[in-house]
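Residue numbers (our numbering): 14 to 167.
To start, the structure itself, in structure tokens.
Here you go:
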């Protein structure tokens, strides 16, 4: 147990980075779906000349399928271009802050040349927090379901 840890001083790399899984912008959506499934990932980084240019997440995939988009189209048509990322020297606190502010579950981690070095996700952050702050996490009270403000029934 390490309760003397400061999230502002801990590098994001300590929060269980996933290895970067990159595809090119001209990869078909169909191929990207196969990679997501076979690698059990929730996001693919889209890279051109080894530099991050986009991201395709499972949320994008759901939207693509619901809208019945052409799966043979390149991912460049559906990816999020110039995605928010953090530098490899960013702190765990900065990664958490950016993810929370933007509603992201995954955040690319890049070097100074914008080359992906990893992907931090909510699961990695949670494992990091549980490992370093077990009392705080395990002693949280259960979250009650919110009460409805309106009366149910006739």
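Cβ atoms here follow ideal geometry from the backbone N, Cα and C, with glycine treated the same way.
Give me, in chain order, the residues of the same chain whose beta-carbon lies closer than 7 Å to that of residue i; leave out the 5 immediate sequence neighbours on both sides.
i, result
"residue 98", "65, 120, 121, 122, 123"
Rounding to the nearest angstrom, what Cα-Cα distance links residue i and residue j in this structure?
i, j, result
"residue 128", "residue 78", "29 Å"
"residue 109", "residue 138", "8 Å"
"residue 24", "residue 101", "8 Å"
"residue 130", "residue 32", "7 Å"
"residue 28", "residue 140", "8 Å"
By DSSP, does residue i sit in helix, in strand, or in coil?
i, result
"residue 137", "helix"
"residue 24", "strand"
"residue 18", "coil"
"residue 69", "strand"
When you compare the CB positions of residue i and residue j, do they come within less than 8 Å of one another, or not?
i, j, result
"residue 48", "residue 58", "no"
"residue 133", "residue 69", "no"
"residue 105", "residue 67", "no"
Got a sec? Which residues, its chain only, sit under 8 Å from residue i by beta carbon, not counting five neighbours each side?
i, result
"residue 61", "37, 38"
Buried or exposed, going by whether 16 or more other CB atoms sit within 10 Å of the CB of residue i?
i, result
"residue 17", "exposed"
"residue 145", "buried"
"residue 73", "buried"
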